[in-house]
Amino acid sequence: MSQFFTNEAVSLEKGVDSVINKPTESELIDETYELKTCLEWIKSNEFEKVCLQFPDHLLQDSSEVALRLQKALGRNVYILADTAYESCCVDYVAANHVNADAIIHFGPVCFSKTSATIPYLNIYEKKWPDLDELHQTLTETHKNWDPNLVILLDTDFIHLQAKIAAKFDPIGVQTIDSGHLSLKDTTVVFIGGRNHHRKLPNLKFSHQPKNLYYFSQEQPPRLTNYETDEKILRRKAIERLKKLIALHNKKYYLVSVGKPTVAKLANFPEIDVYVVVTCALNEIYDSRDFYKPIVTIYDVEMALNPSDNGLGFTYDYNDVIARPIADVVVSDSSDVSLVTGKIRGGSNVSDHGEVMAKEAGTVVLSESHGAGFLAARSWKGLERDLGRGEVKLAEEGRRGIAQQYEEESAH
Numbered sequence: 462m463s464q465f466f467t468n469e470a471v472s473l474e475k476g477v478d479s480v481i482n483k484p485t486e487s488e489l490i491d492e493t494y495e496l497k498t499c500l501e502w503i504k505s506n507e508f509e510k511v512c513l514q515f516p517d518h519l520l521q522d523s524s525e526v527a528l529r530l531q532k533a534l535g536r537n538v539y540i541l542a543d544t545a546y547e548s549c550c551v552d553y554v555a556a557n558h559v560n561a562d563a564i565i566h567f568g569p570v571c572f573s574k575t576s577a578t579i580p581y582l583n584i585y586e587k588k589w590p591d592l593d594e595l596h597q598t599l600t601e602t603h604k605n606w607d608p609n610l611v612i613l614l615d616t617d618f619i620h621l622q623a624k625i626a627a628k629f630d631p632i633g634v635q636t637i638d639s640g641h642l643s644l645k646d647t648t649v650v651f652i653g654g655r656n657h658h659r660k661l662p663n664l665k666f667s668h669q670p671k672n673l674y675y676f677s678q679e680q681p682p683r684l685t686n687y688e689t690d691e692k693i694l695r696r697k698a699i700e701r702l703k704k705l706i707a708l709h710n711k712k713y714y715l716v717s718v719g720k721p722t723v724a725k726l727a728n729f730p731e732i733d734v735y736v737v738v739t740c741a742l743n744e745i746y747d748s749r750d751f752y753k754p755i756v757t758i759y760d761v762e763m764a765l766n767p768s769d770n771g772l773g774f775t776y777d778y779n780d781v782i783a784r785p786i787a788d789v790v791v792s793d794s795s796d797v798s799l800v801t802g803k804i805r806g807g808s809n810v811s812d813h814g815e816v817m818a819k820e821a822g823t824v825v826l827s828e829s830h831g832a833g834f835l836a837a838r839s840w841k842g843l844e845r846d847l848g849r850g851e852v853k854l855a856e857e858g859r860r861g862i863a864q865q866y867e868e869e870s871a872h
């Protein structure tokens, strides 16, 4: 039935934000959720069944908004919550459960192109940043106003566009919901809301601004350059590791396991060494419980990127990323693996690693990566072998639990 309804496993396995937000003050509900606009839209289009879609972090206000709309309309409205996928998208599947003829979507919006025929209205979330702090921070960073400076507002701050434009005149102010953003070769200061880290790469590569900053409202308020953002540096560090490892004819796997534990990493016995892309002061490096060694980015840099001007020990990604990659000359001669005790070739793994189709068993043409390890395993997981076995009628199986089945005698 998953062809007609959202797979229940998606909802059951979905991570839930554990932060409980305080309800909006009663006197601010009408303004925050634009109830007057909602009522006019519903009445002018004569909608009968209306669904109100809220993201998880706004659910504390959903009942109050619904009650006020019901009182003004004289009929019930429906609340949509716990959206299976991202709540930034309009949930047409849930709305169809009550045959709704309209949806009002509250909160962050991704502006994905919709394909359903149910009309919808977007009401953006509203936040009130300290404009004086923004002005002071921007003035300290850009003492001389760049004529090509543009302030770009996320959906959470669109309601303040007129105030920001007046305070920062003559700087141009644009909004992210504009269909005609003109940001190429400009310096952009992005005032973003939730998940702004996801939007920054799109802005950088789609609109090609000369410089891109985002305003952080955390204390103390600051402007952060996109190029030095922590998440961007982490991605650059990973790409550098991939390049270094490939230059030395070694195979790498990118694994995301959350917090590394002994049990999690034990699921990958074919790995010889782990490189954890995290703070070098992490206590995981001191643990002796792991089956394989764990090293830092600095360790890999010193081992695979020899240089005349040695790199002193550092915790900073920038110091590692800024180093030039030395010319690496890898010999094609064979050597003895200290892990398996077998002779291995020195040729590049990218040129080999082909696996033949299964006949009597898996035949591996190269054992220099995970396929060779898999072929050597005594158990490779469950296999259905469709069409290979004899077709039999279903038979009644054993009854009971693994500790003792009914046909087994008690000892």
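Residue numbers for the sequence shown follow this note's numbering, so the first one is 462 and each next one is one higher.
Virtual Cβ for every residue (Gly too), placed ideally from N, Cα, C.
Distance between beta carbons of residue j and residue i, contact taken as under 8 Å
i	j	result
Y735	I755	5 Å
Y674	H657	Actually they do not touch by this definition, with Cβ atoms about 11 Å apart.
I490	E525	6 Å
L496	L530	7 Å
A698	V738	6 Å
D750	V716	With 8 Å as the limit, D750 and V716 do not qualify as a contact, their Cβ atoms being about 18 Å apart.
A533	L582	At roughly 15 Å, the Cβ-Cβ gap does not stay under 8 Å, so A533 and L582 are not in contact.
C571	E547	7 Å
P590	Q669	With a Cβ gap of about 26 Å, P590 and Q669 do not count as contacting.
E867	G861	5 Å
L592	K628	6 Å
Residue i: first and last residue of the uninterrupted beta strand (DSSP E) it sits in
i	result
N672	672 to 677
L613	610 to 614
A623	Unbroken run through A623 is the alpha helix (DSSP H), 622 to 628; no beta strand (DSSP E).
Y539	539 to 541
T566	According to the sequence displayed, residue 566 carries His and not Thr. From DSSP, the beta strand (DSSP E) with H566 extends over 563 to 567.
I652	648 to 652
R454	With the chain represented from 462 up to 872, any question about residue 454 goes unanswered, as that position is not in the structure.
L582	581 to 584
V723	Careful: V723 lies outside any beta strand (DSSP E), inside the alpha helix (DSSP H) at 723 to 726.
V634	633 to 636
Start-to-end residues for the alpha helix (DSSP H) that takes in residue i
i	result
T602	592 to 602
V734	Careful: V734 lies outside any alpha helix (DSSP H) and carries neither H nor E.
I619	Note, I619: premise wrong, no alpha helix (DSSP H); not H, not E.
H658	657 to 668
R536	Careful: R536 lies outside any alpha helix (DSSP H) and carries neither H nor E.
N557	553 to 557
A863	From DSSP, A863 is part of no alpha helix (DSSP H); its letter is neither H nor E.
R838	R838 -> no alpha helix (DSSP H), and no H or E assigned at all.
K574	From DSSP, K574 is part of no alpha helix (DSSP H); its letter is neither H nor E.
K645	Careful: K645 lies outside any alpha helix (DSSP H) and carries neither H nor E.
V761	758 to 765
K703	691 to 708
Cβ-Cβ distance between residue i and residue j below 9 Å
i	j	result
V634	D562	no
V544	E586	One detail in the question is off: residue 544 reads as Thr in this sequence, not Val. Cβ distance not < 9 Å, so T544 and E586 don't count as in contact.
L513	I579	no
I625	L614	yes
V650	L621	no
T498	I619	no
V761	I706	yes
N672	T689	no
K660	I637	yes
C549	S573	yes
L708	I652	no
E509	R536	yes
D733	K753	yes
K725	V718	yes
G654	K588	yes
Y713	F729	no
beta-carbon residue i near the ligand ATP non-hydrogen atom, thresh 8 Å
i	result
L614	With respect to the ligand ATP, the structure offers nothing, as it holds no ligand at all.
Are the segment 564 to 573 and the segment 513 to 522 touching, with three or more C-beta to C-beta distances below 8 Å?
yes
Across the segment 628 to 645 and the segment 548 to 563, are there enough close Cβ pairs to call them in contact, namely three or more that are closer than 8 Å?
no
Would you list, in sequence order, the uninterrupted beta strand (DSSP E) runs of no fewer than 3 residues that lie entirely inside the segment 479 to 528?
511 to 514
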